[in-house]
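The structure appears right after this line, and notes come after that.
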Amino acid sequence: MPLTKRIIPCLDVTTREGVARVVKGTKFINLRDAGDPVELGAFYDEQRADELVFLDITASSDDRNILIDMVEKTGEQVFIPFTVGGGLRTVEDIKEILRAGADKISLNTAAIQNPNLIKDSAKIFGSQCIVTAIDAKRVYVKSPEVAKNNIIIQIGEKYCWWEVYIHGGRTPTGIDAILWGIEAQNLGSGEILLTSMDKDGTHLGYDLELTHIFSEKLTIPIIASGGAGDPQHIIDVFKLGKADAALAASIFHYNEYPIGIVKEECKKSGIPMRL
């Protein structure tokens with residue numbers, strides 16, 4: 242029996258005058274308010290989401306710790322697995338978040354700056370709760386020979402590779418996203434949360450080429466993120482992108498498509514779903 246695919250609402254959290262709020266933007270900018278993170282988390286639990294992801298999107302760039310009280314309150318009200326990321330820099334930080342009630346943690350900036358954090362935390366807590374988040378942006382080149390240290394993909398008549406960005410999409414690293422994904426897997430990461438910066442918030446669909454190549458090159462589950470605008474986009478990322486889970490934000494936050502409807506549409510298309 243095939244493994245069921247997962248539908249995961251993503252809550253991008255930041256602080257406004259000391260209060261945690263969920264926000265949503267387009268291509269990582271132009272953020273608008275979407276509500277209280279704990280209330281939204283409880284709502285999605287009731288809506289039969291498979292999991293939740295909370296990302297404190299300004300913790301790393303503001304050089305502050307994650308919102309621990311938000312995690313504790315979520316743990317009291319949410320009974321599906323939830324992942325927390327943003328501002329986690331040490332094994333001790335990770336321990337604190339897992340103790341507060343999170344089932345998994347997501348590493349992005351800190352993992353790039355210290356890849357051994359993946360290895361050390363996977364060894365202590367188990368690979369199953371270590372998610373490596375990768376924010377990837379296309380870099381177009383004239384020919385495959387231009388970038389010898391990158392995995393170049395031909396899309397139509399163009400060639401591109403994907404560059405990793407950190408600090409909530411603010412800082413380019415020069416690192417090839419696919420090669421970094423392979424390294425993260427080898428270090429012990431249990432999943433990859435893969436966000437297309439080109440598609441984020443556009444409602445135009447996921448970056449299917451990006452998701453597909455990750456699914457081909459890696460053996461751990463790939464959570465596709467960035468671009469969901471309707472149920473068909475989610476169906477496409479499962480069927481064409483070969484993703485294991487689809488993460489979305491605004492289509493759920495603003496109730497454009499309730500989770501139950503998305504799951505029913507996926508099921509009708511032959512995608513195994515937990516209804």
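When you read off a place in the sequence shown, starting at 1, and then add 241, the result is the number in our numbering.
Backbone N, C-alpha and C define an ideal beta-carbon position, used for all residues, glycine too.
Remember, predicted model here, so these are calculated numbers, not experimental data.
Paired residues, beta bridge with Trp402 - DSSP: Val380
Kindly indicate which three-state DSSP category Val387 falls into: helix, strand or coil? coil
Scan the segment 438-491 and note each continuous alpha helix (DSSP H) run of 4 residues or more that stays entirely inside, going in chain order. 449-458 and 472-480
Looking at C-alpha atoms only, which residue of Cys251, Thr245 and Lys246 is the closest neighbour of Leu488? Cys251
May I have the straight-line CA-CA distance separating Pro499 from Lys389, to the nearest angstrom? 44 Å
Please report the straight-line C-alpha distance between Ala290 and Ile249, rounded to a whole angstrom. 6 Å
Since I believe Val382 is in contact with Ser347 (beta carbons under 8 Å), could you give me their beta-carbon distance rounded to a whole number of angstroms? In fact, because the Cβ distance is near 30 Å, the residues do not count as touching under 8 Å.
Going by other Cβ atoms of all chains shown within 10 Å of its Cβ, with 16 needed for buried, is Asp495 buried or exposed? Reading off the sequence shown, one finds Tyr at residue 495, where the question assumed Asp. Burial call: exposed.
Report back the beta-carbon spacing between Lys360 and Gly429 to the nearest angstrom; my notes put them in contact at under 8 Å. 5 Å
Within a Cβ cutoff of 7 Å, which residues of the same chain sit near Met514, ignoring the five residues on either side of it in sequence? Thr245, Lys246, Lys504, Cys507 and Lys508
Starting from the Cα of Glu559, find the closest Cα among Cys370, Val332 and Ala261 and give me that residue. This structure does not reach residue 559, given that the chain is present from 242 up to 516, and the question cannot be answered.
Straight-line gap, Gly528 to Ala484 (C-alpha atoms, nearest Å): With the chain covering 242 to 516 only, the question about residue 528 has no answer from this structure.
Run through DSSP, which three-state label would Phe295 get? strand
Proximity test, Cβ basis, 8 Å: Glu506 and chain C: As a matter of chain content, chain C is missing from the structure shown, which is built from one protein chain.
Which class does Gly276 belong to by DSSP, given the choice of helix, strand or coil? strand
Quick check: Lys378 and Asp439, are their CB atoms within less than 8 Å of each other? yes
Within the same chain, show all residues whose beta-carbon is closer than 8 Å to that of Ile454, passing over the 5 residues directly before and after it, in chain order. Ile392, Ile394 and Ile419
Taking 8 Å as the cut-off, decide whether the C-beta atoms of Val215 and Ser362 are in contact. Since the first and last residues shown for the chain are 242 and 516, residue 215 lies out of range.
Would Gly327 and Leu296 be called neighbours here (beta carbons separated by less than 8 Å)? yes
Leu329 - containing alpha helix (DSSP H), residue span: First-last for Leu329: undefined, no H or E at that position.
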